[in-house]
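A short write-up of the structure that comes next.
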Amino acid sequence: MYPLHRGRRLRNSESIRSLVRETSLSPSDFMFPMFIAEGENYKVEIRSMPGIFRRSIDLTVEEVKELFELGIRAINIYVKVSENLKDNTGKEAWNSDGLMQEAIRAIKKACPEMIIMPDVALDPYSIYGHDGIIANGDVENDATNDALVKMAVSHAQAGADFVAPSDMMDGRVLRLRQGLDEAGFTNVGIMSYSANYAYAFYGPFRDALDSAPKENTSDVEPVEVPKDKKTYQMDYANRLEAIKEALWDVEEGADMVMVKPGLAYLDIVREVKNAVNVPVTVFHVSGEYAMVKAAAERGWLDHDKIMMEQLMCIKRAGASLISTYFAKEAAIFLKNNQ
Ligand code: PBG
Numbered sequence: 006m007y008p009l010h011r012g013r014r015l016r017n018s019e020s021i022r023s024l025v026r027e028t029s030l031s032p033s034d035f036m037f038p039m040f041i042a043e044g045e046n047y048k049v050e051i052r053s054m055p056g057i058f059r060r061s062i063d064l065t066v067e068e069v070k071e072l073f074e075l076g077i078r079a080i081n082i083y084v085k086v087s088e089n090l091k092d093n094t095g096k097e098a099w100n101s102d103g104l105m106q107e108a109i110r111a112i113k114k115a116c117p118e119m120i121i122m123p124d125v126a127l128d129p130y131s132i133y134g135h136d137g138i139i140a141n142g143d144v145e146n147d148a149t150n151d152a153l154v155k156m157a158v159s160h161a162q163a164g165a166d167f168v169a170p171s172d173m174m175d176g177r178v179l180r181l182r183q184g185l186d187e188a189g190f191t192n193v194g195i196m197s198y199s200a201n202y203a204y205a206f207y208g209p210f211r212d213a214l215d216s217a218p219k220e221n222t223s224d225v226e227p228v229e230v231p232k233d234k235k236t237y238q239m240d241y242a243n244r245l246e247a248i249k250e251a252l253w254d255v256e257e258g259a260d261m262v263m264v265k266p267g268l269a270y271l272d273i274v275r276e277v278k279n280a281v282n283v284p285v286t287v288f289h290v291s292g293e294y295a296m297v298k299a300a301a302e303r304g305w306l307d308h309d310k311i312m313m314e315q316l317m318c319i320k321r322a323g324a325s326l327i328s329t330y331f332a333k334e335a336a337i338f339l340k341n342n343q
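Going by this note's numbering, the final residue of the sequence shown carries number 343, and the count climbs one at a time with no gaps.
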């Protein structure tokens, strides 16, 4: 009998395709990364990320309510810290009246059910644009962890549901878990950026926060500063290392692990998914967003189709949650195309 198989029977109408579809998307699959700035009634679009804004707290709160209405249940938040508050200790990061802490309180008050996951890393607070404290020409691991614990506890005190360490210091998940527990925050979770690669696609994010690694121009403090994040973020040639890092983080107490970035790393997402027994999240990062926007602006790609295809493929690879700048647009698309 020829042909032996007719796979097309399962593809010959939208109805049959919908019956056998293996993966689905809903707004609660998405987390929305948000950039917060000082001021009031302030909203400025990020040049390299059309449709994404830095907003003051009041406007952020309004946006969060809209996101919740659309079915989005989690946000990642990042702050744009003014230059005069940056130093090499990152101490503004645990100021209980800092921008991040104020933002968490305001969002929780206005929309208590939205899960808030503030970023835990010193880069927005560092005069050198690094995720930790610089000493001897590199980021110092253990001193940075001391700072991250203070930062995470201050987020928990402000009302964060989860903390999201994105720094890649060794042992930070264990230190954060201990620190949170000792401060009484046993219910505050840890979503760890476990497989966090040194990648060129974070450029637009660093534009948004003005947080790219920079040369030391101060002659008061003549410190040698690494020009990139390669001594802590992972080498993108590596696969086994991602599994190792994810397993370590789970052992240390991570409630969820993350793979960052997304699209070019879906092999890693699947491997990590198969290796761990906690939810895997994926960061569909700023550069990946910018590429789609730029090509769509030129009429080279169909924006909505590419957006939905990328998100579905990230989910198919094993993501339980996707942090994506497309979260709001994709939620609106899903609502309009049910
Ligand atoms: C901070 C952090 C970065 C991103 C998330 N958290 C920047 C970096 O790793 O340098 C990137 C996210 C994006 O590009 O959208 N550690």
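Think of the CB as a built atom: it goes at the ideal place given N, C-alpha and C, for glycine as much as any other residue. Keep in mind that this is a model prediction, so the values were computed, not measured.
Between ASP124 and the set ILE109, GLU229, MET261 and TYR83, the nearest pair of CA atoms involves TYR83. Runs of the alpha helix (DSSP H) lying entirely within the segment 204-290, each at least 4 residues long, are 208-214, 245-257 and 271-280 in chain order. Below 8 Å, enough C-beta pairs join the segment 230-242 and the segment 195-214 to call them touching: three or more.
GLU67 is the residue among ILE57, GLU67 and ASN221 whose C-alpha sits nearest the C-alpha of ASN46. LEU214 sits close to PHE40, with the two beta carbons spaced by under 8 Å.
In the three-state reduction of the DSSP assignment, ASN201 falls in the strand class.
Non-local C-beta neighbours of GLU118 in its own chain, meaning closer than 8 Å and more than five positions away in sequence, comprise PHE73 and ARG78, ordered along the chain. Taking the Cα positions, HIS10 is about 34 Å away from LEU306.
Here DSSP, grouped into helix, strand and coil, assigns ASP92 to strand. In this structure, DSSP gives SER23 a helical state, which the three-state scheme calls helix. A direct Cα-to-Cα measurement between LEU15 and LEU24 gives close to 9 Å.
For VAL84, the beta-bridge partners assigned by DSSP are ILE41. In this structure, ILE62 and ALA98 do not form a Cβ contact; the two beta carbons are roughly 17 Å apart against a cut-off of 8 Å. Rounded to the nearest whole angstrom, the CA to CA distance from ARG59 to VAL283 is 32 Å. With distances taken between CA atoms, ASP212 lies nearest to GLY292 out of ALA336, SER101, GLY292 and LEU30.
Taking 7 Å as the cut-off, the C-beta of PRO55 does not count as close to any heavy atom of ligand 1. For the 8 Å CB-CB criterion, ALA111 and LYS70 do not form a contact.
For GLY134 against ASN150, the beta-carbon gap comes to about 19 Å, at or over 8 Å, which does not count as contact.
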